[in-house]
Amino acid sequence: MTIAAILQGKKDVISVHPDDSVQSVVQLLSERRIGCVPVVDNGQVVGIFSERDLVYRVAQDGAAALDHSVGEVMTAPAITIADDTPVIHGLSLMTKRRIRHLPVVVDGALVGMISIGDLVKYRIDSIESEAASLRDYIQTA
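Under the numbering used here, the first residue of the sequence shown is numbered 50, with each subsequent residue one higher.
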């Protein structure tokens, strides 16, 4: 299965602009109860802003971190994934790079966002389905 299968059950992705203030984006994260957002400029994913980025900047600048633009604080360039990538490769990429979210990009445009939780849930569901099929097969044999 591919990343596209996971995106089918997800809502539209929220993104921010590099000129947005850290304060406004932190408010957005809080309101939406999400951990990160892709940063998009002229239709291209230029970075990702996460709780981790905020923590690092607060450690450096204290409360003044909120006055910066997201473009100054974000992780760039963003690691992205294509929708035709197999789920297992997405899991591998997230594990190797120690990241929890990936913007999904098709033809240079942001089409969605996946989390490691999305991928793990998908894998567990597919493994449970396979196990149920095997149990059914064994019982009917």
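The C-beta atom is built at its ideal place from N, Cα and C for all residues, glycine as well.
None of the values given here were measured: they were computed from a predicted structure.
- 8 Å or more divides the Cβ of Ile165 from the Cβ of Arg146.
- Distance from Val65 to Val74 at the Cβ level is roughly 5 Å; contact confirmed, criterion being Cβ atoms closer than 8 Å.
- When secondary structure is reduced to three states using DSSP, Asp90 falls in the strand class.
- Judged by their CB atoms, Ile97 and Val107 are not nearer to each other than the 8 Å cut-off.
- Residue His117 holds the alpha-carbon nearest to the alpha-carbon of Leu103 among Val154, Leu168, His117, Asp132.
- In this structure the stretch 57 to 64 does not touch the stretch 133 to 150; the number of beta carbon pairs closer than 8 Å is below three.
- In the structure shown, Ala158 falls within a strand segment according to DSSP collapsed to helix, strand and coil.
- Remark: C-beta atoms of Thr134 and Ser99 do not approach each other more closely than 8 Å.
- DSSP, reduced to helix, strand and coil, places Ser64 outside both helices and strands of the structure shown, so it counts as coil.
- Bounds of the alpha helix (DSSP H) holding Ile55 are 52 to 56.
- In this structure Ile63 is in contact with Arg81, their Cβ atoms being roughly 6 Å apart against a cut-off of 8 Å.
- C-alpha of Ala131 to C-alpha of Asp174: approximately 22 Å in a straight line.
- Within the same chain, and ignoring the five residues on either side of Gly120 in sequence, the residues whose Cβ sits closer than 6 Å to its Cβ are Pro67.
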